[in-house]
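Novice: Handing you a structure now.
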Amino acid sequence: MKILVCVKQVPDMESKFRVNDGGKWYDEADLALRMNEYDEYAVEQAVQLKEQVGEADVTILSIGSDRVKETMKKALAMGCDRGVHVVDDTSYAKDPFEIASIIAAFAKDHSFDMIFTGMQSQDRGSAQVGVLVAEILGMSSISTIVEFTFDNGQVTARRELEGGLKAIVKAKAPALMTCQLGLNTPRYPTLPNIMKAKKKELLSVEVATLLQVDAVQETTRMYFPEKKGGGIVLEGDVGNMVNEIINILKDKTGVLT
Amino acid sequence: MNFQLSDEQNLIRNMVRSFAEQEIAPSAAERDEEERFDRELMFDKLGELGLAGMIIPEQFGGAGADYISYAIAVEELSRVCASTGVTLSAHLSLCANPIYTFGSDQQKQTYLVPLAEGTKLGAFALTETNAGSDAGGTKTTAVLDADEWLINGSKIFTTNGGEADTYIVFARTDQEAEKHHGISAFTVEKGTPGFSFGKKEKKMGIRSSPTLELVFENCRIPKANLLGEEGQGFRIAMKTLDGGRIGIAAQALGIAQGALDASVAYSKERKQFDVPITAFQGVQFQLADMATQVEAARLVVYNAAYRASHGLGYSKESAMAKLFASETAMKVTTQAVQVHGGYGYTRDFPVERMMRDAKITEIYEGTSEIQRMVIGSLLVK
Chain A
85 MKILVCVKQV PDMESKFRVN DGGKWYDEAD LALRMNEYDE YAVEQAVQLK
135 EQVGEADVTI LSIGSDRVKE TMKKALAMGC DRGVHVVDDT SYAKDPFEIA
185 SIIAAFAKDH SFDMIFTGMQ SQDRGSAQVG VLVAEILGMS SISTIVEFTF
235 DNGQVTARRE LEGGLKAIVK AKAPALMTCQ LGLNTPRYPT LPNIMKAKKK
285 ELLSVEVATL LQVDAVQETT RMYFPEKKGG GIVLEGDVGN MVNEIINILK
335 DKTGVLT
Chain B
3 MNFQLSDEQN LIRNMVRSFA EQEIAPSAAE RDEEERFDRE LMFDKLGELG
53 LAGMIIPEQF GGAGADYISY AIAVEELSRV CASTGVTLSA HLSLCANPIY
103 TFGSDQQKQT YLVPLAEGTK LGAFALTETN AGSDAGGTKT TAVLDADEWL
153 INGSKIFTTN GGEADTYIVF ARTDQEAEKH HGISAFTVEK GTPGFSFGKK
203 EKKMGIRSSP TLELVFENCR IPKANLLGEE GQGFRIAMKT LDGGRIGIAA
253 QALGIAQGAL DASVAYSKER KQFDVPITAF QGVQFQLADM ATQVEAARLV
303 VYNAAYRASH GLGYSKESAM AKLFASETAM KVTTQAVQVH GGYGYTRDFP
353 VERMMRDAKI TEIYEGTSEI QRMVIGSLLV K
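Taken in sequence, the protein lines are chains A and B.
Letter by letter, the first sequence follows residues 85 to 341 in the numbering used here.
Letter by letter, the second sequence follows residues 3 to 383 in the numbering used here.
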């Protein structure tokens, strides 16, 4: 069985963010980086599936500059077998379609039986890449899964819907899963496995060899929401306050005329 | 010169930090209050993560990591619980490591492998009532009787005492020899007839780490349990403590970092005169001093660890690291209590525990005065 897991390196969400000079992304200087939380669930599920079926090979794929290798090594230490690093110093500027196309271009010749991705990245948060990959590859996908079982080529997944609803979805392999919080508890990469990860294969592929599409979206501006004013506090006699509210609604809104 | 940690060292820090914050930290205050050691949490789980034998080569059940990784692991554990930090340091630096360095192949297979795999916990018994800094004053005796050593005497202040399975015990084997030359080292297993535990110390800090008296009354151990050569005990003890100092220095560094982190977080939350106290330069200056000292301590500790990993001499550097980091821990935790004000003096905040925990790092595995003697004697020799 061949399994692919896609992981992204993101800043620790406790970090203090600043918009960068270009105004379209955050400034990456001085940020502590880690594996995208949802991708940790993806890695854990892939490793659990490997443990279940016995014979499986798990490839970890990550796009970015050299520094993403540290995150890839964590995935290797958690039990993935090999890594493919798509070298791209400007991956942050690519839209979800470009990212998905890069992954699909790599995956199409490798006949993966199962692909796991995070439900979304913690920094961009588009939640599009996983399902786009499946679409480009023409395989079925189940998004936002919180439970996963695999039996005889068939996946049964529980997905999370709006308003607390859950749905059970079945699909035949090959299939792609996007993983949500609650799916599993990612294991700690043990020290011996961290040491062994050093010896696992970690191939580098230039992004230009995989990217053959143009972006379909453009981020035009990134900014912090403007701080709202403090609001108006009315005090005193109830009758006077009602009159004041009516005046304010007339003056400042279109609710009353 | 490169101050960057490797990817592996970063991964180890992140792994130990996650484990420490999620699993060790929640019970740290309670275990301190109850003076309770939790073997499953504070040792067995470290074994599962591969930390129990991290600097021991793979062929003996370890992970073959370097000393910087080891310092990072002890630092991260101690950042949330100094008792857990010293459990690992005493086990690995003071028990597993000397068996690796001085043990026979047979001793390595019998004693080192389970210690490194984390199925057995280790301890080191050197100190006696009248032999503290003056380890040459050891009075416990070991006499060869046919194929067995007969041990009599007692040891005090043994970290991991009572809980540990394997003990390295120092005893006088030659009454005639000059005092440093008549001491030998032995491995003694818990449960050996004649080996029992005495008083459990009631301590100021590291209260979740057990500190016990060991009692030997006609305790017979096989002749083969002699570690190294007869009369080599003092040298084994000193060499072991050189390495142990890196562990305690890392523990002190972790305590100081924990106190700094708690102080920064608290001072952002705490409001006085309608503003967070971080708005006051007086508080910022205290935090700045604390952070600067912690950073300096980290550099001396990692430098000693680097030298130990690269076959460079490190007696002086590990003594400097232990001296500087432990005094930093005491200063920084005291300042941390000050930043917290009255709340810092209560057990509702962790800095009170950290200040109590810091003090021992200036005392055990060589007091600050002994470290100065080591450094001074190496400077003028």
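Ideal Cβ positions, reconstructed from N, Cα and C, are used throughout, including at glycine.
#1: List the residues of chain A that residue 20 of chain B touches, going by C-beta distances under 7 Å, in chain order.
#2: Which term fits residue 351 of chain B, buried or exposed, when burial requires 16 or more other beta carbons within 10 angstroms of its beta carbon?
#3: What does residue 161 of chain A reach in chain B if we use C-beta pairs closer than 7 Å?
#4: Could you have a look at residue 274 of chain B and say whether DSSP puts it in helix, strand or coil?
#5: Short of 7 Å in beta carbon distance, which residues of its chain neighbour residue 79 of chain B, apart from the five on each side in sequence? Order them along the chain.
#6: Quick check: what's the CA-CA separation for residue 376 of chain B versus residue 335 of chain B?
#7: Tell me whether residue 104 of chain A sits in a helix, a strand or coil according to DSSP, three-state version.
#8: For a contact defined as C-beta to C-beta under 8 Å, what are the partners of residue 51 of chain B on chain A?
#9: In this structure, does DSSP put residue 97 of chain B in helix, strand or coil?
#10: Residue 190 of chain A to residue 238 of chain A, Cα distance in whole Å?
#11: Who pairs with residue 83 of chain B in a beta bridge, going by DSSP?
#12: Pick out the complete alpha helix (DSSP H) segments inside the stretch 216-283 of chain B, 4 residues or longer, and give them in chain order.
#13: So, for residue 179 of chain B: in the same chain, excluding its five sequence neighbours on each side, which residues have a beta-carbon less than 7 Å away from its beta-carbon?
#14: Under a CB-based cut-off of 9 Å, is residue 154 of chain A close to chain B?
#15: Report the rounded CA-to-CA distance for residue 279 of chain A versus residue 12 of chain B, giving the unit in angstroms.
#16: Using 8 Å for Cβ pairs, my map puts residue 90 of chain A next to residue 187 of chain A. What's the rounded Cβ distance?
#17: Which residues, in chain order, does the stretch 41-69 of chain B contribute to contact with chain A at a C-beta distance below 8 Å?
#18: Measuring CB to CB, does residue 400 of chain B end up less than 9 Å from residue 140 of chain B?
#19: Could you tell me whether the Cβ atoms of residue 124 of chain B and residue 97 of chain B are closer together than 9 Å?
#20: Spatial neighbours of residue 228 of chain B within its chain, please: CB distance less than 8 Å, with the 5 preceding and 5 following residues excluded, ordered by chain position.
#21: Using the Cβ count rule (16 or more neighbours within 10 Å means buried), how would you classify residue 363 of chain B?
#22: On a CA-only basis, which of B/378, B/379 and B/367 is nearest residue 161 of chain B? Give me that one, please.
#23: Select from the stretch 276-308 of chain A all residues with a C-beta closer than 7 Å to any C-beta belonging to chain B, and list them in chain order.
#24: Along chain B, which residues have their Cβ under 8 Å away from the Cβ of residue 157 of chain A?
#25: Give me the Cα-Cα distance between residue 255 of chain A and residue 232 of chain A, rounded to the nearest whole angstrom.
#26: If you count every other CB in all the chains shown that lies within 10 Å of the CB of residue 102 of chain A, and 16 or more means buried, which is it?
#27: Would the beta-carbon of residue 128 of chain B fall within 9 Å of that of residue 199 of chain B?
#28: Grouping DSSP H, G and I as helix and E and B as strand, with all else coil, what is residue 316 of chain A?
#29: Is the Cβ of residue 99 of chain B closer than 9 Å to any Cβ of chain C?
#30: Which of helix, strand or coil does DSSP assign to residue 324 of chain A?
#31: For residue 190 of chain B, tell me which candidate among B/319, B/281, B/46 and B/223 has the shortest Cα-Cα distance.
#32: Between the stretch 41-56 of chain B and the stretch 268-285 of chain A, are three or more C-beta pairs nearer than 8 Å?
#33: Restricting to Cα atoms, I'd like to know which of B/148, B/45, B/319 and B/251 is closest to residue 361 of chain B.
#34: Mind checking residue 111 of chain A: buried by the 16 CB within 10 Å criterion, or exposed?
#35: Would residue 308 of chain A be called buried (16 or more neighbouring beta carbons within 10 Å of its own) or exposed?
Specialist: According to the structure shown:
#1: 272
#2: buried
#3: 13
#4: strand
#5: 18, 22, 26, 86, 87, 90 and 256
#6: 26 Å
#7: coil
#8: 272, 274 and 275
#9: helix
#10: 24 Å
#11: In DSSP, residue 83 of chain B forms no bridge with anything.
#12: 235-271
#13: 233
#14: yes
#15: 12 Å
#16: 6 Å
#17: 50, 51, 52, 53, 56, 60, 65, 66 and 67
#18: One cannot answer for residue 400 of chain B here, as it falls past the ends of chain B, which runs 3 to 383.
#19: yes
#20: 151, 186, 187 and 188
#21: buried
#22: B/367
#23: 276, 278, 279 and 282
#24: 9, 10 and 13
#25: 11 Å
#26: exposed
#27: no
#28: coil
#29: In the structure shown, chain C cannot be found, because the protein chains are A and B.
#30: helix
#31: B/223
#32: yes
#33: B/251
#34: exposed
#35: exposed
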